[in-house]
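Trainee: One structure, pasted below without further comment.
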Amino acid sequence: MSAIEVVDLKKTYGETRAVDGVSFQVEPGEVFGLLGPNGAGKTTAVEMIEGLRPPDSGSIRVLSLDPKHDLRQIKNRIGIQLQTTALYPRLTVREVIDLFASFFNGRPPVPTDTLITMVGLVDKANTRSKELSGGQKQRLSVALALVNDPEIVFLDEPTTGLDPQARRNLWDVVTNLQRRGKTILLTTHYLEEAEVLCDRVAVIDRGKIIALDSPDGLIRQHFNDTAIEFNAIGSFDADRLRALPGLSDLAVTDQQVTLHSSDVPQTMNGLLDMAKQQAIKFRDMTVHNATLEDVFLKLTGRHIRD
Amino acid sequence: MKTFINLYRANLKEYVRDRMAVFWTMAFPIVFILIFGLIFSSGNARLTIEVAVINPDNDPISAQISEGFKQVPTFKLKQSADVEAELQALRLGQLDMVVVLPNGLSKSIGDKQTGSVQVYYDPSATTIAQAGLSILREAFNIAERAINHTSPLFSIEPQQIQTKPLNQVDLLVPGILAMSLMQLGLFGTAQPLVALREQGVLRRLGATPLSRSTVIAAQVAFRFTLGVAQSVLILSLGNALFQVSIGDSLLVLVVVIAMGILLFIALGFAVAGLAKSAESANGITQMINFPMMFLSGLFFPLSLLPPFLLPVAAILPLTYVADALRQVMVNAPSTTSLATDVLVMGVWLAISLIGAVKLFRWD
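Chains as they are written, first to last, in our numbering: chain Z, 17 to 322; chain E, -13 to 349.
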């Protein structure tokens, strides 16, 4: 039985279709990612599943329960981390965690010290929450999502605004949870984050899911080849690029060119010939296997952070 | 119940650690009461008039009159023989009045002649001059009747209709208490509540199994505690420093204060629901605060208001809270009965509660 099951979920704000017919299932023990640019509808979708917003239509089952009728029961068994992290600013980390733990009933709560260790805030346990850094606040916010030892953890953009080090710290926390068998639904607009953390990813754009598979599966499904990326200098003939040997796909946005090749030596040869004939100039060339970024670019014609 | 207490304690802890909040809710009313109390109680000091009496020839009747002046409690008397020196002192403001009794007063009275007493005073000090002259005339009238052996045709017997004499501070303390309750609702409820909403704290609490009524009940209970603390503080300060009574019935006082606190907390919730943002909450609270401060008869009687503002005063809830507190605490005279005050407060409480419930928003 799925941990989460969503069928044809819809929500409209005025003229905007924030969520436009989204369906997916999350299996127990799975880390499932909703990946998409800001404003794609990820947060709206998640908040409807959490029971914080009523959907216009569609059906939702969380742990086989319907948020419309069994919200209290669901809230006792799930853990929610919201994008806003502001909480009692003058209570200490330990006090806030203790307070939130007292809100739940059912299974015995996770000991506060265990949680503090789990999110790496041991030396901040007695610090008032307003004195924490952005990354530490996010980790406290994740700890609060775990006080009731939840079966499903919802993480909404958990690493937005964090520096790379803080982001990696938080990834460790999530990986840890995954090892302990938690089901996790997370939203992100960081492709790398989705690739590192998620078992399966739903790519969401303008309220619709446009692709859904494991990160590897998504890449293989769209590219069984290697990406050659560079910035072109000056004008060039895109048709000549398209005629290169071994080429399977071509994406050009302004001066940034991405060639997908099933035979890198052949394609490279052709490209270097063009360069010798002064047909094209380029710099910053990289050759790499396709990533989710390439998938998003191919599916939408846009970079995710545009 | 356990979650309610935990949430209540968290609110209280958060407040106690916020020095600014503690200052505005607790220290500010104290400062207010001290400043106004000191101003009004010094203005209330008994009037004294410093008088120098010049009695040039040690005449027995002059001596009797000087002696009589000593009995006037308002006079601080100085006997002197040097007219010029006393007039100089009057010019320098060291004296309020110089009374020069004529030479040979006993002889002129024996001859049935009018004795001319010269009084020097500073006409720019109007109150003192008027009061001093009246007292002097009265004193000479008494002396004249004593000498002529006639009895007065009229007597005035002052009757106070007050059970206790009231002074400005007596009226001020209930006013400050009423003002604090109102501001607890506006600055101590509406604004923090909007901040909690804008910061997403209410949403975050709403994402737990806590029932919404628990969240709100803990908020109300916490702010009610602040109101009680403020009231106790103001009442004990007014009593300790300025001997302002808390009235005869503690029960009635507690009921009036509790209703006032609830009324303004409910109003604060309604305002918070109405306000779209922290800025608009600020604007709305100021729009309510100022008319209430000046049109509710807190610091001056409603009879001083221009007539077109009276209908406004008549609908403001603070008018009735302040009036009820004045009646209960210092037995102040009022045109509205205590029952009417409580009734209007009840109506406002009901209106505010409906507004609070209908307008409440979690995000």
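The C-beta atom is built at its ideal place from N, Cα and C for all residues, glycine as well.
1. In the structure shown, what three-state DSSP assignment does Z:F252 receive?
2. Would you call the CB atoms of Z:I225 and Z:F48 closer than 8 Å?
3. Below 7 Å between beta carbons is the criterion; list the residues of the segment 84 to 101 of chain Z that meet it against any residue of chain E, in chain order.
4. Using the rule of at least 16 other Cβ atoms within 10 Å of the residue's Cβ for burial, across every protein chain shown, is E:L167 buried or exposed?
5. Give me, in chain order, the residues of the same chain whose beta-carbon lies closer than 6 Å to that of E:L179; leave out the 5 immediate sequence neighbours on both sides.
6. With DSSP run on the structure shown, which of helix, strand or coil describes Z:Y206?
7. Output the distance between the C-alpha atoms of E:K(-12) and Z:S118, rounded to the nearest integer angstrom.
8. Give a yes or no on whether 8 Å exceeds the smallest Cβ distance from Z:S80 to chain E.
9. Got a sec? Which residues, its chain only, sit under 7 Å from Z:V268 by beta carbon, not counting five neighbours each side?
10. Pop quiz: Z:T28 and Z:D72 are said to be a contact at Cβ under 8 Å. What is the actual Cβ separation, rounded to whole angstroms?
11. Measuring CB to CB, does E:G246 end up less than 8 Å from E:M331?
12. To which residues of the same chain is E:Q313 closer than 6 Å at the C-beta, ignoring the five residues directly before and after it?
13. Just to confirm, are E:V316 and E:D97 a CB contact at a threshold of 8 Å?
14. Where does E:L288 fall in DSSP's three states?
15. State the start and end residues of the unbroken beta strand (DSSP E) segment that holds E:L304.
16. For E:P195, go through chain Z and note every residue whose CB falls closer than 8 Å to its CB, in chain order.
17. Could you check which residue in Z:K297, Z:L193, Z:I200, Z:D229 has the C-alpha nearest to that of Z:L308?
18. Can you name the residues that DSSP bridges to Z:S73?
19. So that I know if they touch, is there some Cβ in chain E lying closer than 8 Å to that of Z:L115?
20. So, are the CB atoms of Z:V163 and Z:P125 less than 8 Å apart?
21. Determine the direct distance from the alpha carbon of E:A111 to that of E:D82, and round the result to whole angstroms.
22. Figure out for me which residue from Z:G150, Z:T130, Z:V189 has the closest Cα to the Cα of Z:D179.
23. Considering just the uninterrupted stretch of the beta strand (DSSP E) at E:Y106, what are its terminal residues?
24. Per DSSP, which one or two residues make a beta bridge with Z:Q97?
25. Relative to the C-alpha of Z:R93, which candidate in Z:D232, Z:S80, Z:N142, Z:G136 has its C-alpha closest?
26. Pick from E:S282, E:V240, E:N41: whose alpha carbon is nearest that of E:P358?
27. Starting from E:E36, trace the alpha helix (DSSP H) both ways and give me its first and last residue.
28. Of all the residues that make up the segment 55 to 73 of chain Z, which are near chain E by a beta-carbon distance shorter than 7 Å?
29. At least one CB of chain E closer than 8 Å to the CB of Z:L107: is that the case?
30. What residue ranges within the segment 31 to 80 of chain Z form continuous beta strand (DSSP E) runs of no fewer than 3 residues, ordered along the chain?
31. Within the 8 Å Cβ cut-off, does E:K262 reach chain Z?
32. Which residues, taken in chain order from the segment 176 to 188 of chain E, show a beta carbon closer than 8 Å to some beta carbon of chain Z?
33. By Cβ distance below 6 Å, which residues in the same chain neighbour E:A215 in space, the five residues on each side in sequence not counted?
34. Work out the CA separation of E:T194 and E:V307 for me, nearest whole Å.
35. What is the rounded straight-line gap between the Cα of Z:V158 and the Cα of E:N(-8)?
36. Using a Cβ distance threshold of 8 Å, determine whether the segment 302 to 318 of chain Z contacts the segment 185 to 200 of chain E, with at least three qualifying pairs required.
Mentor: With the structure as the only source:
1. Numbered from its first residue, the first sequence carries residue 252 of chain Z at position 236. For Z:F252, the secondary structure class from DSSP, reduced to helix, strand or coil, is coil.
2. The residue given as residue 225 of chain Z occupies position 209 in the first sequence. The residue given as residue 48 of chain Z occupies position 32 in the first sequence. Judged by beta-carbon spacing, Z:F48 lies beyond the 8 Å limit of Z:I225, meaning their Cβ atoms are not closer than that value.
3. Cβ proximity to chain E below 7 Å picks out R88, K91, N92, I96, L98, T100 from the segment 84 to 101 of chain Z.
4. Residue 167 of chain E sits at position 181 when you count from the first residue of the second sequence. Looking at its Cβ environment, which holds 16 or more other Cβ atoms inside 10 Å, E:L167 is buried.
5. Here residue 179 of chain E is taken as the residue at index 193 of the second sequence, counted from 1. So the qualifying residues of the chain are A258.
6. In the first sequence, counting from the first residue as 1, residue 206 of chain Z sits at position 190. In this structure, Z:Y206 counts as coil in the three-state DSSP scheme.
7. Here residue -12 of chain E refers to the residue found at position 2 when the second sequence is read from its first residue. Here residue 118 of chain Z refers to the residue found at position 102 when the first sequence is read from its first residue. Their Cα atoms are separated by approximately 8 Å.
8. Stepping through the first sequence from its first residue, residue 80 of chain Z is reached at position 64. Chain E, which has no Cβ nearer than 8 Å to the Cβ of Z:S80, makes this no.
9. Along the first sequence, one-based indexing puts residue 268 of chain Z at 252. Only A254 meet the Cβ criterion.
10. Position 12 of the first sequence, counting from 1, holds the residue named residue 28 of chain Z. Position 56 of the first sequence, counting from 1, holds the residue named residue 72 of chain Z. With a Cβ gap of about 6 Å, Z:T28 and Z:D72 count as contacting.
11. Looking up residue 246 of chain E in the second sequence gives position 260. Looking up residue 331 of chain E in the second sequence gives position 345. In contact: E:G246 and E:M331 (Cβ atoms closer than 8 Å).
12. Reading the second sequence from its first residue, position 327 is the one you call residue 313 of chain E. Excluding residues within five positions, the ones whose Cβ falls inside 6 Å are S320, L324.
13. Translated into the one-based positions of the second sequence, residue 316 of chain E becomes position 330. Translated into the one-based positions of the second sequence, residue 97 of chain E becomes position 111. Cβ distance not < 8 Å, so E:V316 and E:D97 don't count as in contact.
14. Here residue 288 of chain E is taken as the residue at index 302 of the second sequence, counted from 1. E:L288 falls in the helix class under three-state DSSP.
15. Taking the first residue of the second sequence as 1, we reach residue 304 of chain E at position 318. Premise fails: E:L304 lies in the alpha helix (DSSP H), 303 to 316, not in any beta strand (DSSP E).
16. Residue 195 of chain E sits at position 209 when you count from the first residue of the second sequence. The contacting residues are R88, K91, N92, F119, F120, N121.
17. For the purposes of this step, residue 308 of chain Z is taken as residue 292 along the first sequence, with counting starting at 1. With respect to the C-alpha of Z:L308, the residue from Z:K297, Z:L193, Z:I200, Z:D229 having the closest C-alpha is Z:D229.
18. Within the first sequence, residue 73 of chain Z is the residue found at index 57, counting from 1. Per the DSSP secondary-structure output, Z:S73 pairs in a beta bridge with Z:K26.
19. Taking the first sequence and counting its residues from 1, the one referred to as residue 115 of chain Z is at position 99. True, the Cβ-Cβ gap to chain E drops below 8 Å.
20. In the first sequence, counting from the first residue as 1, residue 163 of chain Z sits at position 147. In the first sequence, counting from the first residue as 1, residue 125 of chain Z sits at position 109. It is a contact, given that the beta carbons lie within the stated cut-off.
21. Here residue 82 of chain E is taken as the residue at index 96 of the second sequence, counted from 1. Here residue 111 of chain E is taken as the residue at index 125 of the second sequence, counted from 1. Their Cα atoms are separated by approximately 8 Å.
22. In the first sequence, residue 179 of chain Z corresponds to position 163, counting from 1. Cα-wise, what sits closest to Z:D179 is Z:G150.
23. Mapped onto the second sequence, residue 106 of chain E falls at position 120. Unbroken beta strand (DSSP E) run through E:Y106: 104 to 107.
24. To locate residue 97 of chain Z, count along the first sequence from 1; it is residue 81. BP columns for Z:Q97 point to Z:L171.
25. The residue labelled residue 93 of chain Z in the question sits at position 77 within the first sequence. Put simply, of Z:D232, Z:S80, Z:N142, Z:G136 the residue whose alpha carbon is nearest the alpha carbon of Z:R93 is Z:S80.
26. The requested residue 358 of chain E does not occur in the structure, where chain E is confined to residues -13 to 349.
27. Taking the second sequence and counting its residues from 1, one reaches residue 36 of chain E at position 50. Element bounds for E:E36: not the alpha helix (DSSP H) but the beta strand (DSSP E), 35 to 40.
28. Residues E66, L68.
29. Translated into positions along the first sequence, residue 107 of chain Z becomes position 91. Output row for Z:L107: interface = yes.
30. Within the segment 31 to 80 of chain Z, the complete beta strand (DSSP E) segments at least 3 residues long are 32 to 42, 47 to 51, 73 to 78, listed from N- to C-terminus.
31. Taking the first residue of the second sequence as 1, we reach residue 262 of chain E at position 276. No, E:K262 does not count as interfacial toward chain Z.
32. Answer in chain order: Q185, G186, V187.
33. Numbered from its first residue, the second sequence carries residue 215 of chain E at position 229. Correct list: empty, nothing qualifies.
34. Along the second sequence, one-based indexing puts residue 307 of chain E at 321. Along the second sequence, one-based indexing puts residue 194 of chain E at 208. Going by the C-alpha atoms only, they are around 38 Å apart.
35. Residue 158 of chain Z sits at position 142 when you count from the first residue of the first sequence. Residue -8 of chain E sits at position 6 when you count from the first residue of the second sequence. If you draw a straight line from the Cα of Z:V158 to the Cα of E:N(-8), it comes to about 21 Å.
36. Fewer than three Cβ pairs drawn from the segment 302 to 318 of chain Z and the segment 185 to 200 of chain E lie within less than 8 Å of each other, which leaves the two stretches out of contact.
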